[in-house]
Amino acid sequence: MQLQLMRLILFVFLQSKPVEDFYRRGGKLLDFEVSGGIPETWPRLLAALNVDEKGHTNHDDSHKFAA
């Protein structure tokens, strides 16, 4: 079972890598370290994306990111 899981994880990674590379080349990917649980991480993620709790952005649409 462990080997099958490792193969699945590798397969998913290889399928998502081109998408990651596309957004990284376009300057739309934000690297963000998750160092705690949701209560600690969520406010920092919203601040990094410049978004408030209701999902309103504090910048124009030309600076949208994927995280």
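Take the sequence shown: its letters are residues 4 to 70, numbered as in my numbering. Idealized CB from N, CA, C, for every residue including glycine.
Around the beta carbon of L52, 16 or more other beta carbons lie within 10 angstroms, which makes this residue buried. In this structure, Y26 sits near L32, with a CB-CB distance shorter than 7 Å. In this structure, the beta-carbon distance from T44 to V54 does not fall below 7 Å.
For R47, there are no CB contacts under 6 Å within the same chain when 5 residues up- and downstream are skipped. If you draw a straight line from the Cα of K20 to the Cα of M9, it comes to about 16 Å.
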